[in-house]
Amino acid sequence: MSIAFGNPDRPNSYIGKTVPRPNITKLVQGRGRYVDDIVLPRMVHVAFVRSPVAHGKITGIDIEAAKTVPGVLRVFTGADLAEVCTPWVAVLAHLKGLKSPPQHPMALDRACWVGEPVVAVVATTRAAAEEGAALVEVDYEALPAVTDTMTALDKTTPVIHPDMGDNLAFRRLHEEGNVDAALSTAHKVVTASFRTARHTGVTLEPRSILVDWNPAEGQMTAYHATQAPHMMQTVFAKHLDIPESRVRVICGDVGGSYGIKVHVYPDEVATATIAKIMGRPVKFIADRLESFTTDIHARDHEIEAKIAVDAEGRILAIDVDDWTGIGPYSVYPRTSAIEGNQVVNLCGGPYDFANYRAQTTVVFQNKTPTCQYRAVGHPIAVAITEGLVDMAAAAIGMDPVEIRRRNMYRDDAYPVTSPAKMRFEGLSHHASMDKLMEIMDYDALRADQAEALKQGKRRGIGIASFIELTNPSPFMYGIGGARISAQDGCTVRMDPDGSVVALSGVTEQGQGTEAMLSQVVAEGVGVSPSKVRVITGDTQVTPYGGGTWASRGAGIGGEAALQAARALRSSILEVAAAMLQADQGLLDIRDGQIVDTQTGETRMPLEELGRIVYFRGDTLPKGLPRELVQTRHFITMDYPFAFTNGVQASYVEVDTDTGVVTLLKHWCVEDCGRVINPQLVDEQIRGGIVQGLGGALFEEIHYDEDGQLLNGSMADYLVPMAAEMPDMVIAHVETPTKESELGAKGAGEAGTAGAPAAVMNAINDALRPLGAQVTEMPFTPERILRALGTIHD
Amino acid sequence: MKASVGGYARASSLDHALQLLASAEGAGRVLAGGQSLVAAMNMRLSTGDLLVDISRLSELSGVSDEGDTLRIGALKRHADVGRDALVCAHAPLLAEAVHYIAHAAIRNRGTIGGACAHADPAAEFPACVLALGATMHVAGPHGSRAIPAEDFFEDVFATAIEEGEILTAITVPKAGSGEAQVIEEVARRSGDYALAGLCLVKRDAGHRVSLFSVGPKPILATGAMAALDAGDLDGAVAALAGELDPPSDTQASAAYRRHLAGVLLRRAVARTEGGKA
Ligand SMILES: Cc1cc2nc3c(=O)[nH]c(=O)nc-3n(C[C@H](O)[C@H](O)[C@H](O)COP(=O)(O)OP(=O)(O)OC[C@H]3O[C@@H](n4cnc5c(N)ncnc54)[C@H](O)[C@@H]3O)c2cc1C
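Going line by line, the protein sequences match chains A and B.
Quick note: the first sequence uses UniProt numbering, first residue 1, plus one each step.
Quick note: the second sequence uses UniProt numbering, first residue 1, plus one each step.
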């Protein structure tokens, strides 16, 4: 029996409704349990001495003074840890040519970025450890720092890792059709360069880990703020030479991740290594400065791109040359080539066109390593694509909405394969655009814009269509050799009191995964969500799974939960049928009661069934299955990824005297397939938009030429804050994926994907009459004025 | 990072505070609202301080009407400055400035004395007291001194307060009838330190223009003031560009700040003339 999603009045209709988050009371009452809340007997703290230079040979380390600090127990160098922990190399077989040198938990003889851990000081308190760290003396012999992406491959630029031959980490060229021919014969060709700034995720809770090694049991337990506990289990096991079964990763409450906490960090592996050496629980909590210098960075891209259109505005070709600098190492195990690879995969995404060329060039530098951060590559690809489309529209005098309508895949064109060779199962670009026009009242907004101009106010409207990659299959990492699960599982059991426990391999980072799971399981079994307890984030307890990344929690973890719940429902009904001597097909479970499907009449509460099964099983027929625990796994098979789509719009006002951009309003229509919890989805979209707006207007990590990070604090790295955020209107089109019964695709990254492009286009819409255009993010007041030619030197 | 503090003592009176400072042999550090100092300690930019907590000293709090002047205790918190009836009536510049300073939580703790003693070149209050022509009162082991605001701010985070001294109060001349006081600034986000900011006081005696976040300390733009007195706004904007040597940093270049100063001056003048900016 399938679920009648179309009928909102069906019994147990929790899927599709806003139900309260089961963990929210705990979190707002301060009763969450984050890693830093955990205190274990004999626990010690580690603080790291980090490289103050971007590139330097370590010529001497003096730890004697540190050892005299009261409370300091041990001081470790990179060499000490290398005896216990093997190095890793972050490459994936399917990213052909990707190279990266072996990386150790702490630098051995050379530091390669400002912030790289060099010495670890372990003490009874964090303060004592820091006190000791301040007294460690490390001598460096300066080596030339490579900081500029575009010249990293020049002959005159020093090679960071001489063994690698050059500074090229990865390059991929994708060509489809005949781009040169299209460019040379097109009605119009528009060329532009774009730049997206280096960002980092700035999670509210910094990276946190507490590792306990129990030699008596031969077991390592890591309490870890991570998105992927099972992946970390493998990593610790492999590099610390412990059987995988003897590593337990527990991930309790997490204060935001955004992709930052899905990677392997040298200092976290160092913490685990030290725990193994000392046989004591060791805690490491990154402070904010450490977060800025060591959390992965992202989005540092420079792009030259072209679009060719015919006189009717049809896109003939898109040509993209993308460059990015990733720091000195590709980040383990997902690698730092994925972001550039995504740019190649995603440019031109919404549009039906024939000739496409895109190349990404990924180079090493002496800066903090970059890796996957919310909406990996999407904000870049969408900025390039939507920037070009707007410029083409302007060049031929066409409305930006019209040019998109002429080029977007028809809503009945699916399944279809894009020029980037992405396969789309079913998207709704036109329906989404229609809905956007309706909710923003496009024509009225254009009238308002014209009216404002009469009063000297420069306002602009920006549109950005996008696609988003969600629900990844093993094509993302597994085929490249990484032990990262694309499959996820859920175990659902009914206890004697009729309540339900769901154990899931996807994880809660604060985004509401547990709420999603509770309502899916509630509907699947037929109980109220308050009767469902959700357990996630414990490798020894939950089914094996991938965790939180690439917007997969609801689409993959949700489907596994639904199937497990449905299976449990069946086994409950089988027992019920025997007890009631009824036909199983005529019984249902509604709100915790066995009922007659036809009449809805209550036959028996689940508690009664639980009592019989668990305590009076003797009264049931011999041989009757009574398995009130069911596990199901789900993996996508038909498509490598479930793409979603959507379109955003931004309305801005630009103060052409000061260069300040004010965000007036923002809209997003988004199609994530089945919406399981409208409020959670809308919050994800809003939060994602906020992060995208941060990239558009505020966020930028600055380095000087020597590779010194210049703005490692919340005062200098500007995250978007409430006062600057516009009102946001969110709406949905629902095109469920046919790969699952649930039909859900991901929703967590769409906001971030499209927002920067929408703002860029809005600003340029405002500036166009003045002959100015901005393409370098963030669009600071100064960049606006420079584009306007107001300031020169 | 964990702060490394040398010690802490809460002063029970101004004399007690001065004694504590004197006995600290140079390591003493006044703690008022803690909104700059504690942040610096938490980044270990300041270590080993013997903190002398003055936050409970009633001698340093309150606002009083002294006839031609208003006396504002150094411990007056930003939020209280903003809603104080005397300040709103007689030194509206200070009340308006509060809206630009940080966020509510910080305004609830930070003190006007702390802001002036800290002398961040991007802070609003130092520029305000300079534009108002205030007098800064400090007490030390050898008695009290009154320092004109013009002489008080010396450099980045440096003032005329000497070792062992405490800023006790600020007196500002009460606004005359018809006097206009406005502050204009542009920051990347609300509550951020300004990219550039400007205070304009228009009195019978003439204009006073001060700027913040455009140099190592708040700057009195005497050239622009003279031009404004002569009724020459364009001349004032031009003079301003000449008398500023702003820094470049990750948020904005010197050229941007110089340009912005001119824009702010025009907007401030427009407001004092009753027009909209
Ligand atoms: C996130 C954030 C944003 C901020 N934004 C702004 C802003 O936009 N504009 C702005 O102006 N400020 C801003 N501030 C700073 C804030 O206004 C501080 O409160 C103020 O600078 C210092 O006042 P305080 O009372 O907290 O001083 P404290 O932090 O206690 O002390 C600061 C310094 O002054 C000394 N000191 C304090 N009082 C006295 C005294 N009476 N005599 C002698 N020395 C003294 C201390 O020894 C210390 O060196 C911000 C602060 C934060 C944390």
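C-beta atoms are modelled at their ideal positions from N, C-alpha and C, and glycine is treated no differently.
Exercise. Roughly how many angstroms separate the alpha carbons of TYR544/A and LEU517/A, rounded to a whole number?
Worked result: Translated into the one-based positions of the first sequence, residue 544/A becomes position 544. Translated into the one-based positions of the first sequence, residue 517/A becomes position 517. Taking the Cα positions, TYR544/A is about 16 Å away from LEU517/A.
For this session: Would you mind telling me which residues of chain A sit closer than 8 Å to LEU195/B, beta carbon to beta carbon, in chain order?
Result: Here residue 195/B refers to the residue found at position 195 when the second sequence is read from its first residue. For LEU195/B, the residues of chain A that pass the 8 Å Cβ criterion are PRO781, in the order they occur in the chain.
Exercise. So, helix, strand or coil for GLU734/A, using DSSP?
Worked result: In the first sequence, counting from the first residue as 1, residue 734/A sits at position 734. DSSP, reduced to helix, strand and coil, places GLU734/A outside both helices and strands of the structure shown, so it counts as coil.
Exercise. Using a threshold of 7 Å, is the CB atom of LEU785/A nearer than that to any non-hydrogen atom of ligand 1?
Worked result: Counting from 1 along the first sequence, the entry for residue 785/A is found at position 785. The answer is no for LEU785/A.
Exercise. Using a C-beta to C-beta distance shorter than 9 Å, which residues of chain A count as neighbours of ALA17/B?
Worked result: Counting from 1 along the second sequence, the entry for residue 17/B is found at position 17. What ALA17/B touches in chain A: nothing, since even the nearest Cβ is about 27 Å away.
Exercise. Any C-beta of chain A sitting closer than 8 Å to the C-beta of LYS174/B?
Worked result: Residue 174/B sits at position 174 when you count from the first residue of the second sequence. Not one chain A Cβ lies under 8 Å of LYS174/B.
For this session: Could you check what DSSP says for LEU95/A in three-state terms: helix, strand or coil?
Result: Working through the first sequence from its first residue, we reach residue 95/A at position 95. DSSP, reduced to helix, strand and coil, places LEU95/A outside both helices and strands of the structure shown, so it counts as coil.
For this session: Could you tell me whether any Cβ in chain B is nearer than 8 Å to the Cβ of VAL660/A?
Result: Locating residue 660/A in the first sequence gives position 660, counting from the first residue. Chain B contact via Cβ: present.
Exercise. Can you find a heavy atom of ligand 1 that lies under 7 Å from the Cβ of PHE125/B?
Worked result: Within the second sequence, the letter at position 125 stands for residue 125/B. Ligand 1 approaches PHE125/B closely enough that one of its heavy atoms is under 7 Å from the residue's Cβ.
Problem set entry | Contact the stretch 577 to 596 of chain A vs the stretch 254 to 272 of chain A: 3+ CB pairs below 8 Å | Touching, no.
Exercise. Beta strand (DSSP E) containing ASN645/A: first to last residue?
Worked result: Residue mapping note: residue 645/A aligns to position 645 of the first sequence, counting from 1. 642 to 654 is the span of the beta strand (DSSP E), which, as asked, contains ASN645/A.
Exercise. Does the stretch 16 to 25 of chain A come close enough to the stretch 103 to 117 of chain A to have 3 or more Cβ pairs within less than 8 Å?
Worked result: As far as the Cβ criterion goes, the stretch 16 to 25 of chain A does not touch the stretch 103 to 117 of chain A, which means the pair count is below three.
For this session: Classify PHE236/A as helix, strand or coil using the three-state DSSP reduction.
Result: Indexing the first sequence from 1 puts residue 236/A at position 236. Three-state result, PHE236/A: helix.
Problem set entry | Neighbour list for PHE615/A in chain B, Cβ cutoff strictly below 8 Å | Translated into positions along the first sequence, residue 615/A becomes position 615. Those within 8 Å of PHE615/A in chain B number zero; the least Cβ separation is about 54 Å.
Exercise. Got a sec: does ligand 1 put a non-hydrogen atom nearer than 7 Å to the Cβ of GLY313/A?
Worked result: Along the first sequence, read from residue 1 onward, the residue named residue 313/A stands at position 313. No, ligand 1 has no heavy atom inside 7 Å of this Cβ.
Problem set entry | Within chain A, partners of TYR8/B - CB distance below 7 Å | Residue 8/B sits at position 8 when you count from the first residue of the second sequence. Ordered by position in chain A, no residue passes the 7 Å Cβ test against TYR8/B, which lies about 15 Å from the chain.
Problem set entry | Option nearest GLU150/B by Cα separation, candidates GLY67/B, ALA131/B, ILE106/B, PRO121/B | As a first step, residue 150/B must be located in the second sequence, where it is residue number 150. Taking each of GLY67/B, ALA131/B, ILE106/B, PRO121/B in turn and checking the Cα distance to GLU150/B, the smallest one comes out for ALA131/B.
For this session: Check THR293/A in the structure and name its three-state DSSP category.
Result: Counted from its first residue, the first sequence places residue 293/A at position 293. Three-state DSSP puts THR293/A in a helix.
Problem set entry | Secondary structure, beta strand (DSSP E): runs of 3+ residues fully inside the stretch 163 to 217 of chain B | Fully enclosed beta strand (DSSP E) runs of 3 or longer: 166 to 173, 180 to 186, 196 to 203, 206 to 212.
For this session: Count the other C-beta atoms from every protein chain shown that fall within 10 angstroms of the C-beta of PRO415/A, then say buried if there are 16 or more, exposed otherwise.
Result: The sequence position of residue 415/A within the first sequence is 415, counting from 1. Exposed is the call here.
Exercise. Is there at least one non-hydrogen atom of ligand 1 closer than 7 Å to the beta-carbon of ASP15/B?
Worked result: Position 15 of the second sequence, counted from the start, is the residue given in the question as residue 15/B. No - ligand 1 has no heavy atom lying nearer than 7 Å to the Cβ of ASP15/B.
For this session: Identify every residue that forms a DSSP beta bridge with ASN711/A.
Result: Sequence index remark: in the first sequence, residue 711/A carries index 711 (1-based). Answer by DSSP bridge pairing: none, since ASN711/A is not bridged.
Exercise. Are there 16 or more other CB atoms within 10 angstroms of the CB of ALA723/A, so buried, or fewer, so exposed?
Worked result: On the first sequence, residue 723/A is found 723 positions in, with the first residue counted as 1. That one is exposed.
Exercise. Roughly how many angstroms lie between the CA atoms of ALA277/B and ALA268/B, to the nearest whole one?
Worked result: As a first step, residue 277/B is located in the second sequence; it is residue number 277 there, counting from the start. As a first step, residue 268/B is located in the second sequence; it is residue number 268 there, counting from the start. Reliability of the predicted coordinates at ALA277/B is poor, the pLDDT of 40 falling under 50, and the value obtained from them is presented with this limitation in mind. Roughly 7 Å separates the two Cα atoms.
Exercise. Is ALA550/A helix, strand or coil when you go by DSSP?
Worked result: Position 550 of the first sequence, counting from 1, holds the residue named residue 550/A. Coil, per DSSP.
For this session: Compare the C-beta of TYR100/B against all C-beta atoms of chain A and say whether one is closer than 8 Å.
Result: Looking up residue 100/B in the second sequence gives position 100. For TYR100/B, the answer is no, since every Cβ of chain A falls outside 8 Å of its Cβ.
For this session: Determine the direct distance from the alpha carbon of ASP155/B to that of GLY262/B, and round the result to whole angstroms.
Result: As a first step, residue 262/B must be located in the second sequence, where it is residue number 262. As a first step, residue 155/B must be located in the second sequence, where it is residue number 155. Separation of GLY262/B and ASP155/B (C-alpha to C-alpha, rounded to the nearest whole angstrom) is 23 Å.
For this session: May I ask you to check if the CB of THR135/B is nearer than 7 Å to at least one heavy atom of ligand 1?
Result: What you label residue 135/B is simply residue 135 of the second sequence in a count that begins at 1. No, the Cβ of THR135/B stays beyond 7 Å of every heavy atom of ligand 1.
Exercise. Quick one: does ARG459/A have its CB under 8 Å from some CB of chain B?
Worked result: Numbered from 1 along the first sequence, position 459 holds the residue referred to as residue 459/A. No - not a single Cβ of chain B is within 8 Å of the one on ARG459/A.
For this session: Would you kindly work out how many angstroms separate the C-alpha atoms of VAL53/A and LEU709/A, rounded to a whole number?
Result: Sequence index remark: in the first sequence, residue 53/A carries index 53 (1-based). Sequence index remark: in the first sequence, residue 709/A carries index 709 (1-based). When rounded, the distance between both Cα atoms is 10 Å.
Exercise. Any chance the CB of VAL263/B is under 7 Å from a heavy atom of ligand 1?
Worked result: On the second sequence, position 263 is the one that residue 263/B refers to. No.
For this session: Kindly examine ligand 1 and report whether one of its heavy atoms sits closer than 7 Å to the Cβ of TYR34/A.
Result: Translated into the one-based positions of the first sequence, residue 34/A becomes position 34. Checking every heavy atom of ligand 1 against the Cβ of TYR34/A, none is found closer than 7 Å.
For this session: Just the C-alpha distance for SER64/B and GLY26/B, rounded to the nearest angstrom, thanks.
Result: Position 64 of the second sequence, counted from the first residue, corresponds to residue 64/B. Position 26 of the second sequence, counted from the first residue, corresponds to residue 26/B. The alpha-carbon of SER64/B is positioned some 33 Å away from that of GLY26/B.
Exercise. Could you give the residue range of the alpha helix (DSSP H) that holds HIS430/A?
Worked result: Walking along the first sequence from the start, residue 430/A turns up at place 430. First-last of the alpha helix (DSSP H) with HIS430/A: 429 to 440.
Exercise. Does any C-beta atom of chain A lie closer than 8 Å to the C-beta of HIS259/B?
Worked result: Taking the first residue of the second sequence as position 1, residue 259/B is located at position 259. So, interface residue.
For this session: Determine, using beta-carbon pairs with one atom in the stretch 460 to 474 of chain A and one in the stretch 382 to 394 of chain A, whether at least three such pairs fall under 8 Å.
Result: The stretch 382 to 394 of chain A and the stretch 460 to 474 of chain A touch, with three or more beta-carbon pairs separated by less than 8 Å.
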